[in-house]
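Residue numbers (our numbering): 117 to 274.
Yeah, the Cβ is synthetic: ideal placement off N, Cα and C, and Gly gets one too.
Keep in mind the model is a prediction, meaning the values are calculated, not measured.
Read through the structure below, which is laid out as structure tokens, and then see the notes.
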């Protein structure tokens, strides 16, 4: 057994305060720095690979798999957003069912939870409309509609 570990009354290893602080710092680093691929990566790969896919499988097959690719992009963004618990945590924009990101059609997209918390009613309505969601309630309710759609933990559960 390593010398840095002490034993508790049952003979099991005990984590020291220094080790616990190190684990906490590392966990925080992983949660804040790992957000998956950067936002530019998907469109860049699509632009580079898309024509080759169309040439290889034909336009009909490429059109048939486009909705599946869009759904995978949505799931990828939702998985990343599920880890956004702190106000500074980055958010991954969610494409609509056609694979279009809201920023591509001129909508403001919050980059962090703090930016989402400051969206105006007009910004919320534009984002919700992009996804075909009918805005409901006050601005806080509309922000929660976006949180639910983007799979961002609600403030009371963060």
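Can you check which of these residues, 170, 159, 165 and 180, is closest to residue 209 by C-alpha distance? Counting from one through the chain shown, the residue named residue 209 turns up at place 93. For the set 170, 159, 165 and 180, the Cα lying nearest the Cα of residue 209 is the one of 159.
Taking residue 237 as part of the alpha helix (DSSP H), name the residues at either end of that continuous run. Position 121 of the chain shown holds residue 237. Residue 237 -> alpha helix (DSSP H) spans 237-246.
Using CA atoms only, rank isn't needed, just tell me which of 244, 168, 134 and 175 is closest to residue 213. Position 97 of the chain shown holds residue 213. For residue 213, the closest alpha carbon among the candidates 244, 168, 134 and 175 is that of 244.
Residue range of the unbroken alpha helix (DSSP H) whose run includes residue 207: If you number the chain shown from 1, residue 207 lands on position 91. Here residue 207 belongs to no alpha helix (DSSP H), and DSSP marks it neither H nor E.
May I have the straight-line CA-CA distance separating residue 230 from residue 203, to the nearest angstrom? The residue labelled residue 230 in the question sits at position 114 within the chain shown. The residue labelled residue 203 in the question sits at position 87 within the chain shown. One C-alpha to the other measures close to 5 Å.
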